[in-house]
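> Quick note, the sequences are listed as chains R and D, same order.
Take 110 as the starting number for the first sequence in the working numbering and just add one per residue.
Take 434 as the starting number for the second sequence in the working numbering and just add one per residue.
Every residue, glycine too, gets a C-beta built ideally from N, C-alpha and C.
The model shown is predicted, which means the values in this text are computed figures rather than measured ones.
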Amino acid sequence: MRSPKIIYLIARVHGLKTHLLKSQQFIQMLRQTEVSEIYDFLLRSEYSKDLGMISMEELDAHELEKIFYQKLSQRFFFLFQMTSGKTGQVLEDYCRRIEVENLKRVTRALHAKEKISEGQLIPIPRKYQTVNFQAVLQSRTVKEMISFLRETAYEGLREIAGLYEEYNNPQVIETEADRIYYELLWKKLDKIVDEDEIRDLIGTEIDLKNLLNTLSLKYKGVGQEFLQRTVINIHYRLPRDFIQEAASASYQKIPDVLTWPKYVELTAKAVELMNGEMISEAESVFSQHLYSYAETAALRNPNNLVYVFSYLYLCFREARNLTTLATGKQLRLDDEKIRRLLFL
Amino acid sequence: MASIDRTTATRGNLLKLRTTVKFIENAMDVLKMKRDRLAAELNKLLHELTRRQKAEKQLMEIYEDLKITLAMLGYSAAFSEGLAISKMKVEVNSVSIMGAIVPKLTIKEKPSISSIENVSLYRIAEKQLSLFGELLNVAQIEASVERIANELMKVNRKVNALEKVIIPTYTKQIRYIENSLFDEELEDFARIKHVNAILSRRRT
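(1) Helix, strand or coil, according to DSSP, for residue 529 of chain D in the structure here?
(2) Using 10 angstroms around the beta-carbon of residue 418 of chain R, count the other beta-carbons present and answer buried if the total reaches 16, otherwise exposed.
(3) Tell me the DSSP bridge mates of residue 542 of chain D?
(4) I'd like to know whether the C-beta atoms of residue 435 of chain R and residue 167 of chain R end up nearer to each other than 9 Å.
(5) Looking at the C-beta of residue 220 of chain R, does it have a partner C-beta in chain D at a distance below 9 Å?
(6) Whether or not the segment 334-345 of chain R and the segment 301-319 of chain R are in contact is what I'm after, with contact meaning three or more pairs of Cβ atoms, one per stretch, closer than 8 Å; do they touch?
(7) Between the C-alpha atoms of residue 450 of chain R and residue 444 of chain R, what's the straight-line distance to the nearest angstrom?
(8) What are the complete alpha helix (DSSP H) segments, minimum 4 residues, inside the segment 279-320 of chain R?
(9) Which residues of the segment 220-250 of chain R have a Cβ closer than 7 Å to any Cβ of chain D? Give them in chain order.
(10) Please confirm if the segment 542-557 of chain D is in contact with the segment 598-613 of chain D, defined as three or more CB-CB distances below 8 Å between the two stretches.
(11) Would you say residue 546 of chain D and residue 569 of chain D are within 9 Å of each other, going by their C-beta atoms?
(12) Taking 8 Å as the threshold, find out whether the segment 199-216 of chain R comes into contact with the segment 233-250 of chain R through three or more Cβ pairs.
(13) Determine the extent of the alpha helix (DSSP H) in which residue 175 of chain R is found, giving its start and end residues.
(14) Enumerate in chain order the residues of its own chain whose CB-to-CB distance from residue 147 of chain R is below 7 Å, with the five nearest sequence positions on each side excluded.
(15) Would you say residue 426 of chain R lies against chain D (beta-carbon separation less than 9 Å)?
(16) Which of the residues in the segment 256-290 of chain R, read from start to end, lie with their CB under 9 Å from any CB of chain D?
(17) According to the neighbour-count rule (16 or more other Cβ atoms, all chains shown, within 10 Å of its Cβ), is residue 635 of chain D buried or exposed?
(18) Over what stretch of residues does the alpha helix (DSSP H) that includes residue 225 of chain R continue unbroken?
(19) What residue range does the alpha helix (DSSP H) around residue 136 of chain R cover?
(20) So that I know if they touch, is there some Cβ in chain R lying closer than 9 Å to that of residue 565 of chain D?
(21) So, helix, strand or coil for residue 147 of chain R, using DSSP?
(22) With distance defined between alpha-carbon atoms, name the residue in R/125, R/282, R/349, R/409 nearest to residue 155 of chain R.
(23) So that I know if they touch, is there some Cβ in chain R lying closer than 9 Å to that of residue 543 of chain D?
(24) Sort out for me which residues DSSP pairs residue 534 of chain D with in a bridge.
(25) So, helix, strand or coil for residue 240 of chain R, using DSSP?
(26) Buried or exposed for residue 632 of chain D, going by 16 or more other Cβ atoms inside 10 Å?
(27) Leaving out the 5 sequence neighbours to the left and right, which residues in its chain are closer than 6 Å to residue 447 of chain D when beta-carbon positions are compared?
(28) Could you check whether residue 231 of chain R and residue 182 of chain R sit closer than 9 Å to each other, using their CB atoms as the reference points?
(29) Residue range of the alpha helix (DSSP H) that residue 480 of chain D falls in?
(30) Determine, using beta carbons only, whether residue 479 of chain D and residue 591 of chain D come nearer to each other than 9 Å.
(31) Give a yes or no on whether the minimum CB-CB distance between residue 470 of chain D and chain R is below 9 Å.
(32) Measuring alpha carbon to alpha carbon, tell me which residue in R/129, R/268, R/179, R/119 is nearest residue 234 of chain R.
(33) Measuring straight from C-alpha to C-alpha, what distance separates residue 301 of chain R and residue 492 of chain D?
(34) Just mark residue 285 of chain R as buried or exposed, buried being the case when its beta carbon has 16 or more other beta carbons within 10 Å.
(35) Is there a C-beta anywhere in chain R that falls below 9 Å from the one on residue 463 of chain D?
(36) So, does the CB of residue 594 of chain D fall closer than 9 Å to a CB anywhere in chain R?
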């Protein structure tokens with residue numbers, strides 16, 4: 110028997126999911142020609158309040174994108190108010206992905222000795238921040254930034270500070286932050302309500318992330334050692350020795366290393382697109398699968414806690430789709446090209 | 434040229450003017466050689482200017498790919514990825530081609546793009562980086578063409594001035610002095626003849 114709090118949370122998420130934009134609405138927006146028309150369209154949606162803050166003079170895809178991610182952050186952290194206990198902790202850990210993304214942005218800027226302001230980060234309500242971003246933003250070097258992360262979940266970054274200096278590549282820090290995030294989340298899933306379904310969804314995401322990361326690094330021609338260091342050590346459906354085998358193979362041969370039929374199919378499709386120089390489309394293959402997997406999980410388990418996580422994935426999908434639409438329209442991309450990048 | 438016009442018709446001046454003309458003619462030959470060399474250099478570079486069109490075409494293709502990647506990632510994420518790229522260092526030196534100072538660009542430090550996490554953005558950066566060398570070459574060629582053409586124009590103007598104005602003026606002056614000296618010699622000859630005739634008449 111589920112606790113009333115979880116039942117209430119799932120019921121609320123069912124309600125919240127109705128606020129998400131439907132595929133049909135994305136198609137309607139795709140038919141618009143200007144960013145301002147997308148803005149007008151969104152004024153009739155849940156975004157109206159946030160969009161009202163932008164004046165017509167400063168209306169552009171960049172400003173809209175900020176609003177979309179602000180809304181995403183609000184949606185993520187709104188759920189906290191309805192949760193407590195272990196479920197609340199898992200949700201909190203899940204939502205840390207925004208914090209991880211912000212940390213990555215700060216790392217990149219500090220690596221290049223460039224300034225970065227709070228406006229360039231995805232907003233996180235102060236009470237849900239585990240990292241003191243005000244202090245982190247004042248750092249002058251990556252090492253100094255890492256020192257501010259003591260007593261946080263990202264304390265482990267201190268251990269790879271030397272490796273970062275050795276490679277002089279912020280990707281070391283970025284992948285380590287991802288690894289810390291996913292490993293922590295994976296650990297927290299132990300004995301949670303509906304553990305199997307949630308583990309299946311998050312496990313699929315980690316596998317896809319590892320696949321894309323491996324494919325990307327192999328495509329870039331990165332060395333075996335670096336590849337092995339940047340992988341998330343969680344293999345859900347990926348073979349245990351996947352990284353060892355993939356490290357010595359070319360990126361075209363990665364599908365041969367895999368055993369799970371869906372992954373073989375996805376990777377083969379991505380490799381084909383990469384061979385045809387359609388890299389963006391190749392990357393979309395994995396995201397597309399993840400979002401449709403989340404959608405299917407929600408449909409199959411409407412009264413399960415995985416529904417809440419699926420909703421969060423779909424919120425992310427909506428933010429990405431809206432960003433693609435607004436940016437694509439501003440850059441005057443063909444409707445067909447934008448359509449290929451949308452996750453519908 | 435007024436000073437040349439006023440030169441007194443003396444043998445000394447004639448010798449001086451002849452030396453000057455010879456010197457100017459030599460200088461003109463040197464300038465002509467410089468002009469030919471600059472023209473040849475310019476001709477060679479003009480053919481290479483077509484590389485700009487090719488580079489622009491490639492750049493436009495890269496921008497088309499970039500548009501797709503930007504639409505997929507959004508401005509913030511793409512901007513953030515771009516921040517991690519180190520700056521390119523280019524050394525600008527000067528080289529003299531027959532007196533025309535042209536820039537010589539050398540890439541001292543290529544930007545490190547390995548820090549880009551997103552593979553499509555990485556591929557775009559890789560293409561753009563390989564094109565940067567070509568763009569610098571095109572910029573160098575364009576600057577060289579401009580400066581060589583400018584120098585060629587100056588040299589041409591000097592050669593024309595020497596050929597059409599200065600040398601003819603000197604030649605005219607030399608001819609004037611030669612004529613004057615010839616008249617003077619003829620006059621002296623006639624005078625001597627006349628004096629000789631008077632003297633021989635007195636003797637008889």
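Considering the structure as presented:
(1) strand
(2) buried
(3) D/522
(4) no
(5) yes
(6) yes
(7) 10 Å
(8) 280-297
(9) 220, 221, 223, 229
(10) no
(11) no
(12) yes
(13) 170-187
(14) 138, 141, 434, 435, 438
(15) no
(16) 276, 277, 278, 279, 280, 283, 284
(17) exposed
(18) It is not in any alpha helix (DSSP H) - residue 225 of chain R carries neither H nor E in the DSSP assignment.
(19) 132-139
(20) no
(21) helix
(22) R/125
(23) no
(24) D/529
(25) coil
(26) exposed
(27) 610
(28) yes
(29) 444-481
(30) no
(31) no
(32) R/179
(33) 52 Å
(34) buried
(35) no
(36) no
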